[in-house]
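Numbered according to numbering that gives the first Met the number 0, the first sequence spans residues 0 to 170. All C-beta atoms, glycine included, are put in the ideal place defined by N, C-alpha and C. All values derive from a computational prediction rather than experimental measurement. Worksheet: one structure, shown below.
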Amino acid sequence: MPKIHSNEVLNRDFYARPTVTVARELLGKILVHKGKSARILEVEAYLGTGDRAAHSSRGRTPRTQVIFGPPGHAYVYLIYGIHECFNVVAEPEGTAGCVLIRAIENHDGPGKLTRAMEIDRSHYGADLTRGPITIHTGYIHNDEIVEVTPRIGIRQDTHLPLRYKLSSRFK
DNA sequence: GTCACGATTTGT
DNA sequence: CAAATCGTGACG
């Protein structure tokens with residue numbers, strides 16, 4: 000019998016690819032934590048080199064070290080002293096690159112989805128292939144398309160098309 | 001040690 | 001449009 004729907008945890012190889020590829024392919028995947036799960040609807044790619052909007056652009060620091068480490072780990076940081084932002088590390092070990100998760104089903108906004116999923120800085124460096132936070136194979140509906148736009152809220156390299164958003168073909 | 005600032009959200 | 005709120009990184 001053909002499998003019509005799988006629900007497997009994404010493996011290391013999924014993440015060990017170019018950041019833009021990982022970003023685009025994270026759309027429709029399912030974020031799981033503490034018994035809650037929701038599809039990823041919006042992401043942004045932050046590149047390792049030549050991307051001044053990326054935290055990793057000024058090299059390794061205590062905060063950004065995980066971005067240079069092995070792929071498939073969580074980069075979580077505090078923004079504006081208030082909100083936690085959840086990122087997924089991409090690229091092979093030694094190369095920087097990560098994907099900011101901006102929206103999941105029913106929770107639009109980087110700070111809002113982390114609160115909803117109970118993700119915070121205690122998960123910094125967590126291995127997403129092991130848990131407690133995991134990302135699973137998902138689905139994209141036939142009437143959904145991928146929108147590509149500039150990233151939100153940055154002040155440098157503002158025109159790069161690195162934001163990917165799943166939205167209805169109609170609307 | 002000090003200090004300016006941010007990949008946001010919320011309220012006026 | 002402005003406030004909230006604090007860790008980070010640059011500086012020296």
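Would you decide whether residue i is buried or exposed? Buried here means 16 or more other CB atoms lie within 10 Å of its CB.
i       : result
Leu-229 : Absent from the model: residue 229. The displayed extent of the chain is 0 to 170, so no value can be given.
Phe-13  : buried
Leu-77  : exposed
Tyr-74  : buried
Val-147 : exposed
Arg-38  : buried
Gly-34  : exposed
Lys-170 : exposed
By how many angstroms is the C-alpha of residue j removed from the C-alpha of residue i?
i       : j       : result
Leu-30  : Leu-99  : 13 angstroms
Arg-51  : Asp-156 : 6 angstroms
Asn-10  : Arg-129 : 9 angstroms
Thr-60  : Pro-160 : 26 angstroms
Arg-57  : Gln-64  : 11 angstroms
Arg-120 : Leu-165 : 27 angstroms
Glu-104 : Ala-115 : 11 angstroms
Gly-152 : Arg-162 : 11 angstroms
Pro-91  : Leu-127 : 15 angstroms
Ala-44  : Ala-102 : 13 angstroms
Ile-118 : His-72  : 13 angstroms
Ser-55  : Ala-22  : 17 angstroms
Gly-49  : Asp-142 : 35 angstroms
Ser-167 : Gly-110 : 23 angstroms
Ala-125 : Tyr-79  : 22 angstroms
Arg-154 : Val-42  : 18 angstroms
His-106 : Gly-93  : 32 angstroms
How is residue i classed by DSSP in three states: helix, strand or coil?
i       : result
Glu-7   : coil
Ile-78  : strand
His-54  : helix
Ala-22  : helix
Phe-169 : coil
- Message: Which complete alpha helix (DSSP H) runs does the region 87-154 hold, if anything under 4 residues is left out?
- Response: With a minimum length of 4 residues, the continuous alpha helix (DSSP H) runs that stay inside the region 87-154 are 109-116.
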